[in-house]
């Protein structure tokens, strides 16, 4: 299994994609008992990574819109 990325800094879009790819590969390969034992943790991490990727994608879309001059007002936090 690969080591989990643990940091207080938010993951970059590319780092989140890499980690999601590693997680998917770990879930496809290796010992079945080990994969089943970690399934809940792996699914939770994949869900967290999905949210990171969606947030980063929204930031990229907003930046592109800003450059084009068609930016929407910022969403309330």
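In our numbering, the protein residues as written are 12 to 88. Note that CB positions come from ideal geometry on N, CA and C, so glycine has one too. Computed from a predicted model, the values in this text were never measured in an experiment.
At the level of alpha carbons, what is the spacing between residue i and residue j?
i	j	result
residue 23	residue 66	10 Å
residue 53	residue 37	9 Å
residue 57	residue 70	20 Å
residue 148	residue 28	Nothing can be reported for residue 148, as the shown portion of the chain is limited to 12 through 88.
residue 12	residue 26	Unreliable positioning characterises residue 12 in this predicted model, as indicated by a pLDDT of 42, which lies under 50. The coordinate reading is nonetheless provided below. Spanning the two alpha carbons is a distance of roughly 17 Å.
residue 21	residue 42	31 Å
residue 75	residue 45	43 Å
For residue i, count neighbouring Cβ atoms within 10 angstroms of its own Cβ and tell me buried if that reaches 16, exposed if not.
i	result
residue 34	buried
residue 72	exposed
residue 60	buried
residue 30	buried
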